[in-house]
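In this note's numbering, the protein residues as written are 290 to 430.
Every residue, glycine too, gets a C-beta built ideally from N, C-alpha and C.
Here is the structure we will look at, set down as structure tokens.
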Amino acid sequence: MNNHDKKAPLPAGEGLGRGRRVSQLDHAKQLRSNQTDAEQRLWYHLRAHCFMNLKFRRQTPIGPFIVDFVCMEFKLIVEADGGQHGGDDDARRDAWLKAQGFTVLHFWNHDVLQQTDVVLERIRQVLIALSPSPSPTGRGE
């Protein structure tokens with residue numbers, strides 16, 4: 290192999306797509322591997338186009354933040370929150386995400402686990418409100 294065949298290593302953080310840093314992508318991957326029970330329950334219903342035939346992604350970096358679930362088509366973020374949420378940091382985070390055009394829904398973990406149908410119905414209602422006519426429930430049928 291001559292010097293022309295060797296590829297120079299990429300500078301740290303390059304080659305990851307969309308300007309993401311290695312640490313943020315690694316952190317998102319770690320979060321996907323260590324989901325809470327509430328996140329697992331939501332993902333079961335949202336994954337693989339199962340919910341209203343829409344694509345949701347989980348533990349996805351958006352700007353400087355990692356969101357629990359996002360439907361990029363409708364710019365809807367769904368968060369399953371434990372007791373550590375609800376402070377000033379969350380308010381700043383939500384304000385930044387809303388400034389980027391996202392709608393952010395928060396559900397307490399307890400509600401996701403105990404009232405899953407109510408949580409899913411609320412997500413459905415918001416998606417219908419965000420969608421142009423006809424509603425996304427008729428997509429692909």
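Item	Value
Taking C-beta to C-beta, are F248 and S420 nearer than 8 Å?	Beyond the ends of the chain as shown, which are 290 and 430, falls residue 248; an answer cannot be given.
When we look at the beta-carbon of P353 and count the other beta-carbons within 10 Å, is it buried (16 or more) or exposed?	exposed
Roughly how many angstroms lie between the CA atoms of R382 and V407, to the nearest whole one?	25 Å
What are the start and end residues of the alpha helix (DSSP H) that includes H334?	D326 to L335
Apart from the five residues just before and just after G390, which ones in its own chain have a Cβ nearer than 7 Å to its Cβ?	K364
Compare the C-alpha of R411 against each of E368, I355 and T325 and name the closest.	E368
Can you tell me which of D400, G376, R413 and I366 puts its alpha carbon nearest to the alpha carbon of V393?	I366
Going along the chain, which residues of its own chain have a beta-carbon closer than 8 Å to the beta-carbon of D400, five neighbours each way excluded?	V407 and V408
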